[in-house]
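In terms of the working numbering, the sequence shown opens at residue 3 and continues consecutively. In this text, a Cβ means the ideal position worked out from N, Cα and C, and glycines have one as well. Step one of this worksheet: look at the structure below.
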Amino acid sequence: MKKEPWFKIFMPCFLQYAPSISLFFVFIGVFSLIFSLYNLETEAVLYAFFLCCLLTAVIFPVRFLFLRKNHKKYLEIQRNLPLFPDRPPCPHTLYEYDMQQILIRFKQQTDDAVSALKNERQEAFDYYTTWVHQIKTPISAMKMILENDDTKEHRELLLELFRIEQYAEMALQYLRLGSESSDYVFKEYDLDLIIKQAIHKFAPQFIAKKIRLHYSPASVRVLTDEKWLLFIIEQILSNSLKYTQTGSISISVSEEKILTIADTGIGIAPEDLPRIFDKGYTGYNGRLYKKSTGLGLYLCRMASDRLSHKISITSSPGAGTSVSLALEKHHLETE
3 MKKEPWFKIF MPCFLQYAPS ISLFFVFIGV FSLIFSLYNL ETEAVLYAFF LCCLLTAVIF
63 PVRFLFLRKN HKKYLEIQRN LPLFPDRPPC PHTLYEYDMQ QILIRFKQQT DDAVSALKNE
123 RQEAFDYYTT WVHQIKTPIS AMKMILENDD TKEHRELLLE LFRIEQYAEM ALQYLRLGSE
183 SSDYVFKEYD LDLIIKQAIH KFAPQFIAKK IRLHYSPASV RVLTDEKWLL FIIEQILSNS
243 LKYTQTGSIS ISVSEEKILT IADTGIGIAP EDLPRIFDKG YTGYNGRLYK KSTGLGLYLC
303 RMASDRLSHK ISITSSPGAG TSVSLALEKH HLETE
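Printed below as a string of structure tokens:
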């Protein structure tokens with residue numbers, strides 16, 4: 003910890019005692035005036051004055067060192083304000099006592115407010131978690147009903163139902179990423195198996211939109227959390243399918259363990275790229291097609307940051323979009 007120079011607190015300390023020093027000189031002036039009015043010797047007053055100055059010259063440095071020590075304690079509290087102690091330094095003046103009582107009371111109110119907010123967040127998290135799991139039951143039931151009759155209308159309804167399920171799942175992941183609890187399980191996974199799970203989930207959309215998929219299985223193991231990496235890949239595939247009307251989507255993995263998902267879609271405007279990961283930002287494409295919530299890529303960035311995977315996007319209008327996810331990790335131990 004860097005020590006604070008003594009001269010920086012000397013002047014505040016001096017100003018603290020300035021009223022007492024000024025009052026002392028006023029008293030000396032009063033005594034001198036009275037002695038002169040009665041034609042008395044002023045040597046007694048001057049002698050007392052010099053004695054008081056000498057005593058002050060001894061006491062003030064001692065008092066200054068004491069105040070400096072107390073000042074350091076308060077600086078330490080200031081640097082660690084969230085850990086404000088229940089028993090701060092012992093007050094030596096009524097002013098210090100009053101200030102400490104205000105701070106203690108303020109800390110109690112703040113702790114109560116934070117505790118209430120955490121309880122509210124936990125209740126909301128529990129409610130929406132339950133809601134998402136409950137809503138999956140009628141969704142599954144509707145899927146079974148629609149799959150019994152393979153018609154064009156039923157296939158379209160199944161695609162819409164798929165989107166409903168995806169949005170419900172996104173709401174749950176949004177809450178999980180914002181919560182303080184962690185359900186990450188880091189170990190080495192077969193990347194090919196994770197990618198195939200995402201492909202299988204979106205297979206009906208590839209077929210319905212007649213979008214070609216190019217993917218060569220890669221024998222790569224990565225250190226990650228399977229559930230959250232799968233969520234990121236699914237969100238990227240969802241965006242690619244959403245903005246690709248014709249053409250293809252390719253998935254590749256380089257030797258450096260960089261997963262790339264590229265499409266031949268409408269692309270992203272240059273002015274939108276710097277803000278594409280911002281929360282709620284839909285950009286030109288979102289405003290044009292009215293299909294974007296502005297949360298998908300935001301959640302991808304949050305999840306990738308938690309996993310220490312670097313995500314990046316390159317794109318140009320009409321030339322498609324390429325999303326890269328660097329999965330290489332260093333100096334991490336597996337389970």
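L334 in three-state terms, based on DSSP: One-based indexing of the sequence shown puts residue 334 at position 332. The pLDDT assigned to L334 is 45, lower than 50, so where the model puts this residue is not dependable; a value taken from the coordinates is nonetheless given after this. Residue state, collapsed to three classes: coil.
A264: first and last residue of the uninterrupted beta strand (DSSP E) it sits in: Counted from its first residue, the sequence shown places residue 264 at position 262. It spans 260 to 265 - the beta strand (DSSP E) in which A264 sits, taken as one unbroken run.
Span of the alpha helix (DSSP H) around D194: Position 192 of the sequence shown, counted from the start, is the residue given in the question as residue 194. It spans 193 to 211 - the alpha helix (DSSP H) in which D194 sits, taken as one unbroken run.
Residue environment, I213, which counts as buried when at least 16 other CB atoms sit within 10 Å: By one-based count along the sequence shown, residue 213 stands at place 211. I213 is buried by the Cβ-count criterion.
From V47, L195, V224, I201, residue whose alpha carbon lies closest to that of F33: The sequence position of residue 33 within the sequence shown is 31, counting from 1. When only C-alpha atoms are compared, the closest one is V47.
Inter-residue spacing [alpha-carbon to alpha-carbon] between G298 and A200: Your numbering for residue 298 matches position 296 in the sequence shown. Your numbering for residue 200 matches position 198 in the sequence shown. The straight-line gap from Cα to Cα measures roughly 15 Å.
Residue from Q136, E167, S252 with nearest C-alpha to S324: Taking the sequence shown and counting its residues from 1, the one referred to as residue 324 is at position 322. Answer by Cα proximity: S252.
Straight-line gap, P93 to I30 (C-alpha atoms, nearest Å): The residue labelled residue 93 in the question sits at position 91 within the sequence shown. The residue labelled residue 30 in the question sits at position 28 within the sequence shown. Straight-line Cα distance between these residues: approximately 31 Å.
For H311, three-class secondary structure by DSSP: Position 309 of the sequence shown holds residue 311. In this structure, H311 counts as coil in the three-state DSSP scheme.
Three or more C-beta pairs below 8 Å linking the region 139 to 150 and the region 262 to 272: no
Range of the contiguous alpha helix (DSSP H) that encloses Y176: If you number the sequence shown from 1, residue 176 lands on position 174. Taken as a continuous stretch (DSSP letters only), the alpha helix (DSSP H) holding Y176 covers 154 to 180.
Between the CA atoms of E98 and I278 - distance to the nearest angstrom: Position 276 of the sequence shown holds residue 278. Position 96 of the sequence shown holds residue 98. When rounded, the distance between both Cα atoms is 51 Å.
Residues near E330 in its chain [Cβ-Cβ closer than 7 Å; skip 5 each side]: For the purposes of this step, residue 330 is taken as residue 328 along the sequence shown, with counting starting at 1. Excluding positions up to five away in sequence, the list reads E258, K259.
A328 versus M304: straight-line alpha-carbon distance, rounded: Looking up residue 328 in the sequence shown gives position 326. Looking up residue 304 in the sequence shown gives position 302. A328 and M304: Cα-Cα distance of roughly 14 Å.
Alpha carbon of A126 to alpha carbon of A173, nearest angstrom: Here residue 126 corresponds to residue number 124 of the sequence shown, with the count starting at 1. Here residue 173 corresponds to residue number 171 of the sequence shown, with the count starting at 1. The alpha-carbon atoms of A126 and A173 are separated by roughly 12 Å.
Assigned exposure category for K120 - 16 Cβ within 10 Å defines buried: Here residue 120 refers to the residue found at position 118 of the sequence shown. Exposed: under 16 other Cβ atoms inside 10 Å.
Nearest-angstrom beta carbon gap, I196 and I235 [assumed within contact, 8 Å]: On the sequence shown, residue 235 is found 233 positions in, with the first residue counted as 1. On the sequence shown, residue 196 is found 194 positions in, with the first residue counted as 1. At roughly 7 Å, the Cβ-Cβ gap stays under 8 Å, so I235 and I196 are in contact.
Buried versus exposed call for C54 [16 or more other C-beta atoms within 10 Å across all chains shown]: If you number the sequence shown from 1, residue 54 lands on position 52. Exposed is the call here.
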